[in-house]
Amino acid sequence: MLSIEQVSELAEDIFYELAEDNLSAEKLDEFDQQAEQIGFVEARDPQEAIWLASLDFVPDPEDYAEVIIGLNRSIAADVNQQEVFARILISKDEDDKFCHILWPEKPAEH
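Numbering (my numbering), first residue to last: 274 to 383.
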């Protein structure tokens, strides 16, 4: 099984590989410009409701991790707001290449 750190790194690599095709140019530029200062990669147990609605199954936390990639915005002195750029469900089993990404909706191009 992959460690949480390994799962996080793998998810981040996949995010960067696919972001250009799944985020608007403006969102991608925004993330690229601010990720070093306020970006985050957070691995945690999968949230049942989100993945059940998207994939029709409940991922077992023993086998899967949910990795969220985004920006932490300070909106007040003691308040941060997270802007999520990708929510990634990824297998902890290094032989299982399962990965599913929920991206924010990309606006239609004109």
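Glycine included, each C-beta is placed from N, C-alpha and C at the ideal position. Quick caveat: nothing in here was measured; it's all calculated off a predicted structure.
ask   = Just how far apart, CA to CA, sit Y289 and N345?
value = Locating residue 289 in the sequence shown gives position 16, counting from the first residue. Locating residue 345 in the sequence shown gives position 72, counting from the first residue. Y289 and N345 have their C-alpha atoms some 18 Å from each other.
query = Hey, how far is the Cα of D368 from the Cα of A284?
reply = As a first step, residue 368 is located in the sequence shown; it is residue number 95 there, counting from the start. As a first step, residue 284 is located in the sequence shown; it is residue number 11 there, counting from the start. Looking at the two C-alpha atoms, the distance is approximately 15 Å.
ask   = The beta strand (DSSP E) spanning L275 covers which residue range?
value = In the sequence shown, counting from the first residue as 1, residue 275 sits at position 2. In the DSSP assignment, L275 falls outside any beta strand (DSSP E), carrying neither H nor E.
ask   = Thinking C-alpha only, which one of F358, S364, P332, L275 is nearest I342?
value = Locating residue 342 in the sequence shown gives position 69, counting from the first residue. When each option's Cα is compared against that of I342, the closest is F358.
Neighbourhood of H383 by C-beta, 6 Å cutoff - its chain only, sequence neighbours within 5 removed = Taking the sequence shown and counting its residues from 1, the one referred to as residue 383 is at position 110. Here H383 scores only 46 on pLDDT, less than 50, and its place in the model should not be relied on; the value that follows carries that caveat. There are no such residues.
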